[in-house]
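Some notes on the structure that comes next.
Protein chains: 2
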Amino acid sequence: MGRLISLVEDGHPALPEVMAALAPHQGGAHVVGLTGAPGVGKSTTTSALITALRSQGKRVAVLAVDPSSPFTGGALLGDRIRMESHATDPGVFLRSVASRGHLGGLSAATPQALRVLDAAGFDVVLVETVGVGQSEVEVASRADTTVVVVAPGLGDGIQAAKAGILEIGDIFAVNKADRDGADDTVRDLRHMIQLGNREQSVDWRTPVVRLVATSADGIPDLVESLAAHRNWLASSGELAARRQRRAAAEVEALALAELRRGFGAECGLVPTDLAAAVASGDSDPYAAAHRVVQRLTQEPRRQ
Amino acid sequence: MGRLISLVEDGHPALPEVMAALAPHQGGAHVVGLTGAPGVGKSTTTSALITALRSQGKRVAVLAVDPSSPFTGGALLGDRIRMESHATDPGVFLRSVASRGHLGGLSAATPQALRVLDAAGFDVVLVETVGVGQSEVEVASRADTTVVVVAPGLGDGIQAAKAGILEIGDIFAVNKADRDGADDTVRDLRHMIQLGNREQSVDWRTPVVRLVATSADGIPDLVESLAAHRNWLASSGELAARRQRRAAAEVEALALAELRRGFGAECGLVPTDLAAAVASGDSDPYAAAHRVVQRLTQEPRRQ
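Protein chains in written order, with our numbering: chain A, 484 to 786; chain B, 484 to 786.
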């Protein structure tokens with residue numbers, strides 16, 4: 484399985500065949516995204532979640548998305564150390580995947596790595612994004628259920644809304660709930676969620692779970708909320724809808740990559756001279772875009 | 484000008500004509516992105532910057548990108564109140580633009596709004612992104628110069644690297660520099676930047692400026708750093724390179740939008756039934772992507 488994920492990361496030419504073979508074995512895993520700002524305790528929460536899910540006999544895979552450091556080309560390793568206690572458990576699979584280039588977002592390989600783990604029969608696949616940035620929004624678009632971990636001191640509800648986290652969380656976990664300000668954070672979140680539910684008339688009541696992940700306090704509540712959300716997804720039809728949106732985005736990205744390869748262009752679909760003309764004011768973006776579309780749909784492609 | 488930007492936000496059918504007319508008048512403005520986590524004082528910094536640039540006789544435009552609240556469909560207004568003191572100055576243009584849907588990213592309209600302001604002859608266009616998330620990375624991809632505002636208490640260098648901010652800043656501003664921990668933050672940033680410069684051999688020496696934006700302390704240093712970076716961009720050829728990359732991304736996005744319109748598809752370029760087939764395992768993403776490409780390049784489009 485590790486080798487399959489390496490194939491995915493390397494963009495191996497055999498991937499289309501591999502993915503075709505895995506297609507009939509999709510859909511069994513509950514894909515859970517776990518995100519939040521640096522320092523809130525995502526890795527500790529992940530570790531405690533693994534322990535709890537294992538005690539229920541569930542097989543658990545973790546994809547930890549590390550931002551590759553711009554300076555070393557590598558990834559920050561600190562957070563993985565906490566996972567070592569699970570590394571010898573055959574019911575647990577841990578994998579750190581590089582984030583996409585210097586942008587800190589999820590790797591393009593993530594959806595396919597999820598396919599490998601799903602087909603391998605894991606009951607729960609946790610995708611933990613380290614850091615903030617694009618990854619937070621992306622993990623929500625890849626997961627069945629998104630858990631947003633926050634810590635007291637995040638600030639008031641307005642700050643939470645600004646940070647965009649309210650929109651993506653199916654479940655909120657207030658970690659370090661033994662600290663000052665935890666009650667305020669829980670209350671603010673509940674208040675904002677209530678407003679949101681009223682306006683959006685979503686029939687899932689987003690829970691706010693209190694955690695002290697270092698001592699596993701509250702982890703059973705989180706596990707219960709995860710199961711409840713999974714059940715709601717299935718019974719409401721939202722699971723199929725989310726997975727269809729996910730598939731559409733995945734297919735579109737692959738189609739775009741195929742188109743780009745077909746043109747062998749350095750600047751994506753846009754030839755360098757055309758980009759330069761727009762930058763210098765000799766052309767305008769709409770006219771240039773129309774030329775790109777014509778070239779795409781009318782001329783024979785190289786490849 | 485306000486009306487032109489509204490046309491842009493509404494995606495008015497006359498936009499291609501408008502952008503063609505504006506094309507020859509591009510390139511004069513220094514586009515400065517200003518970003519950072521919530522609460523670091525971005526708006527206060529923006530306001531102090533406006534005052535300083537105006538005292539040099541420069542015309543300044545500000546695009547403030549607010550995350551639209553998922554609950555009201557509107558934008559958070561608090562930060563705009565600080566700007567009121569500039570609202571009556573004819574040399575200052577302030578505009579709050581909605582962020583893209585619920586994702587908190589820059590609006591697709593941002594590049595075109597920048598074109599309007601550039602053509603209108605502003606010397607400096609500040610793009611202030613409120614909140615964290617996708618907008619931080621995107622603003623860096625849209626700006627000539629990116630200023631990352633941080634505050635003491637952000638954490639150590641590792642946390643900064645995790646947050647992905649080191650990669651996007653051309654200039655760092657440590658705001659609230661009169662607070663405890665400011666020296667540590669400045670030192671950590673300088674250390675990380677030094678490591679980065681050595682490895683990447685970039686010949687721009689990223690400055691770390693200390694600010695107390697509420698009293699405008701340090702703002703002259705920030706203004707000087709902005710001018711120095713603009714000069715470096717021009718003399719190194721990096722300005723043309725950045726603007727060409729920006730144009731390529733803008734044109735590709737418009738081309739993709741034109742393609743999507745051509746198909747009238749709900750799921751972007753991917754027909755609903757194909758997305759559903761991939762979600763259910765009846766098809767796999769590569770096979771589906773190939774069908775999308777074939778449909779794109781071989782069949783006559785509707786439109």
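Just so you know, even glycine gets a beta-carbon here, dropped at the ideal spot from N, CA and C. Being a predicted model, the structure only gives us computed values, none of them experimental.
Under DSSP, G516 of chain A takes part in a beta bridge, and its partners are A:V610 and A:T629. Between the segment 734 to 745 of chain A and the segment 757 to 769 of chain A, the count of Cβ pairs shorter than 8 angstroms is below three; the stretches do not touch.
Contact between H712 of chain A and I651 of chain A is absent: CB atoms are separated by about 13 angstroms, not below the 8 angstroms threshold.
Under the DSSP assignment, A770 of chain B falls in the alpha helix (DSSP H) whose first and last residues are P768 to Q781.
Residues are counted here when their Cβ sits less than 7 angstroms from a Cβ of chain A; for the segment 662 to 673 of chain B the count is zero. Listed along chain B are A738, E741 and L742, each with a C-beta nearer than 7 angstroms to that of V776 of chain A. By the neighbour-count criterion, in which 16 or more other beta carbons inside 10 Å mark a residue as buried, N714 of chain B falls on the exposed side. With a contact defined as Cβ atoms closer than 8 angstroms, A760 of chain B and L705 of chain B miss out at about 54 angstroms. In this structure P594 of chain A does not touch E492 of chain A by the C-beta definition: roughly 12 angstroms separates them, more than the 8 angstroms allowed. For R688 of chain B, the nearest beta carbon of chain A is not closer than 8 angstroms to its own beta carbon. Judged by their CB atoms, T628 of chain A and L709 of chain A are nearer to each other than the 8 angstroms cut-off. Its Cα nearest to that of R542 of chain A, the residue A:A512 stands out among A:V776, A:A512, A:V610 and A:S568.
Think of a sphere of 8 angstroms around the beta carbon of E733 of chain B: the chain A residues whose beta carbon falls inside it are V761 and P768, in chain order. Think of a sphere of 7 angstroms around the beta carbon of V753 of chain A: the chain B residues whose beta carbon falls inside it are A731, V734 and E735, in chain order. Neighbours of G510 of chain B in chain A, taken as residues whose beta carbon is under 7 angstroms from its own, are G764 in chain order. B:V631 is the residue among B:S718, B:A772 and B:V631 whose C-alpha sits nearest the C-alpha of K525 of chain B. Contact between V523 of chain B and A634 of chain B holds: their C-beta atoms lie close to 4 angstroms from each other, under 8 angstroms. Taking a cut-off of 8 angstroms for Cβ pairs, the segment 660 to 668 of chain A and the segment 723 to 733 of chain A do not touch, as fewer than three such pairs fall below it. When A:S568, A:K659, A:A758 and A:V580 are compared, the shortest CA-CA separation from A547 of chain A is found for A:V580. Here the segment 669 to 678 of chain B does not lie against the segment 497 to 513 of chain B, with fewer than 3 beta-carbon pairs under 8 angstroms apart. The beta carbon of V607 of chain A sits closer than 7 angstroms to those of A512, H513, V515, L536, K541 and V543, all from its chain and outside the five residues before and after it, given in chain order. Counting C-beta atoms within 10 angstroms of its own C-beta, S530 of chain B has 16 or more neighbours from the protein chains shown and is therefore classed as buried.
Within the same chain, V706 come within 8 angstroms of Q539 of chain B by CB-CB distance, once the 5 residues on both sides are set aside.
Using a CB distance cut-off of 8 angstroms, P499 of chain B counts as an interface residue toward chain A. For V657 of chain A, no alpha helix (DSSP H) run applies; the uninterrupted beta strand (DSSP E) run containing it begins and ends at I654 to V657, by DSSP.
Our two residues, M484 of chain A and A603 of chain B, have alpha carbons roughly 57 angstroms apart in a direct line. The three-state reading of DSSP puts A544 of chain B in strand, counting E and B together.
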